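Trainee:
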DNA sequence: CAGTATCCAATTTGATACTG
DNA sequence: CAGTATCAAATTGGATACTG
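Protein chains in written order, with this note's numbering: chain H, 1 to 113; chain B, 1001 to 1113.
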C-alpha cells in the first residue's frame, strides 16, 4: 500500500475534473482523436446539448481539452485532448481496471449465493 | 498512453463504489486502522449520522469494508477495510496524485494571469 | 452546425429529533 | 454508542424550443 495521500484533497480535485456523468466517455473519445461537437453528441447517446456544452466547457476550464473554433459558416468547432487530459485519462484507466476487478468480485459473490 | 479501456464501464463501477462525498476519506481512515462509528464521525467533520450510516452500508455492500458488531452494551461496532477496499484505495491514490498535479497546474495558470 | 435559454425531475446531502 | 426516521436544501442531469 502506498501510505501517502494523508487526505483526499487530491482525489476531490480529480473527481471535480472528471466526475460529470459523461466526462470519462468524452475524454476517452477525444484521446483517440479530435472530434466536432455533433460527433461527440452522437457518440454520447442520450446526452442533451445543454449538458454536452456544460461538460465540455468545464473540461476546457480544467485544461483537459482545448476548443478550436474555425470561424467558418456553417460553424465548425473541434475539441482536442491536452497533455493534462491525457494524463488524467491514464489515471482514469487505472480506476477502470479496479472497476472491472470489482465487477468480477460481484459476479463471484452472486454465484456463491 | 494505455490504449485499452474502450469504454468507461469499469470506471463507472469504480465511481459507483467510491463516488460518495465522504467515501474516500472513510476508506483512507480505515486503511490506516479499524475504527468505530463515533470515531469515523469525528474524523469526517461535518458529516451527519444518517449519511455516515448510508455510506458505510454502501461500502460494506460493495465489499470495501466489513462491519463487526461485538454485541455488547454499550454498543460497539468496528469497521475494517477489506483487501478489495485496499486495492481501491491504491487506485484512488493514483487519481489523487493526478489531482495534486492538477492543483499545481491551476496555480501556475493563475500566476500567469 | 454549434450552441443558449428555460423549466423540470432525480439524486444526493444535510439538520434534527428520537431509540434500543 | 450506534444507529433510524423525517423533512428540507442543494446539486446535477434532462427535455425542449429557440438562435446566429
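All residues carry an ideal CB built from backbone N, CA and C; glycine is no exception. Quantities reported herein were computed from a predicted structural model and do not represent experimental measurements.
For residue 30 of chain H and residue 1034 of chain B, I'd like the C-alpha separation in whole angstroms.
Mentor: If you number the first chain from 1, residue 30 of chain H lands on position 30. If you number the second chain from 1, residue 1034 of chain B lands on position 34. Spanning the two alpha carbons is a distance of roughly 42 angstroms.
Trainee: Between which two residues does the alpha helix (DSSP H) containing residue 1018 of chain B stretch?
Mentor: Counting from 1 along the second chain, the entry for residue 1018 of chain B is found at position 18. That run of the alpha helix (DSSP H) goes 1009-1018.
Trainee: For residue 1104 of chain B, decide whether its Cβ has a neighbour in chain H, counting only Cβ atoms nearer than 8 angstroms.
Mentor: Start at 1 with the first residue of the second chain, and residue 1104 of chain B comes out as number 104. Cβ-Cβ to chain H under 8 angstroms: no for residue 1104 of chain B.
Trainee: Only counting the same chain, and skipping five residues up and downstream in sequence, which positions put a Cβ closer than 6 angstroms to that of residue 70 of chain H?
Mentor: Position 70 of the first chain holds residue 70 of chain H. These residues qualify, in order along the chain: 76.
Trainee: What's the gap between the Cα of residue 78 of chain H and the Cα of residue 9 of chain H?
Mentor: On the first chain, residue 78 of chain H is found 78 positions in, with the first residue counted as 1. On the first chain, residue 9 of chain H is found 9 positions in, with the first residue counted as 1. Approximately 32 angstroms, taken between the alpha carbons.
Trainee: Does any CB atom of chain B fall closer than 8 angstroms to the CB of residue 10 of chain H?
Mentor: For the purposes of this step, residue 10 of chain H is taken as the residue at position 10 of the first chain. True, the Cβ-Cβ gap to chain B drops below 8 angstroms.
Trainee: Residues of the region 89-103 of chain H with a CB closer than 9 angstroms to any CB of chain B: list them in chain order, please.
Mentor: Within the region 89-103 of chain H, the residues whose Cβ lies closer than 9 angstroms to some Cβ of chain B are 89, 90, 91, 92, 93, 94, 95, 96, 97, 98, 99, 100, 101, 102, 103, listed in chain order.
Trainee: Verify the CB distance criterion: does residue 1046 of chain B have a CB-CB separation below 8 angstroms to chain H?
Mentor: Here residue 1046 of chain B is taken as the residue at index 46 of the second chain, counted from 1. Taking Cβ atoms only, chain H never reaches closer than 8 angstroms to residue 1046 of chain B, which makes this a no.
Trainee: From the DSSP output, in three-state form, read off residue 1042 of chain B for me.
Mentor: Taking the first residue of the second chain as 1, we reach residue 1042 of chain B at position 42. Residue 1042 of chain B: helix per DSSP, three-state reduction.
Trainee: Should residue 1011 of chain B and residue 96 of chain H be called a contact, given that it needs their Cβ atoms to be closer than 8 angstroms?
Mentor: Residue mapping note: residue 1011 of chain B aligns to position 11 of the second chain, counting from 1. Residue mapping note: residue 96 of chain H aligns to position 96 of the first chain, counting from 1. In this structure, residue 96 of chain H lies closer than 8 angstroms to residue 1011 of chain B by Cβ.
Trainee: Mind checking if residue 1087 of chain B is an interface residue toward chain H, Cβ cutoff 8 angstroms exclusive?
Mentor: Mapped onto the second chain, residue 1087 of chain B falls at position 87. Taking Cβ atoms only, chain H reaches closer than 8 angstroms to residue 1087 of chain B, which makes this a yes.
Trainee: For the alpha helix (DSSP H) holding residue 1049 of chain B, just list the boundary residues, first then last.
Mentor: Along the second chain, one-based indexing puts residue 1049 of chain B at 49. Residues 1049-1061.
Trainee: Kindly list, in the order they appear in chain H, the residues whose Cβ is closer than 9 angstroms to that of residue 1063 of chain B.
Mentor: Translated into the one-based positions of the second chain, residue 1063 of chain B becomes position 63. The contacting residues are 102, 105, 106, 109.
Trainee: Distance cutoff 8 angstroms, beta carbons only. Does residue 1002 of chain B sit that close to anything in chain H?
Mentor: Taking the second chain and counting its residues from 1, one reaches residue 1002 of chain B at position 2. Model confidence at residue 1002 of chain B stands at a pLDDT of 33, short of 50, so the residue's coordinates are unreliable; what they give is reported in the following sentence. True, the Cβ-Cβ gap to chain H drops below 8 angstroms.
Trainee: Could you name the residues that DSSP lists as bridge partners for residue 102 of chain H?
Mentor: Within the first chain, numbered from 1, the residue matching residue 102 of chain H stands at position 102. Paired residues: none, contrary to the question.
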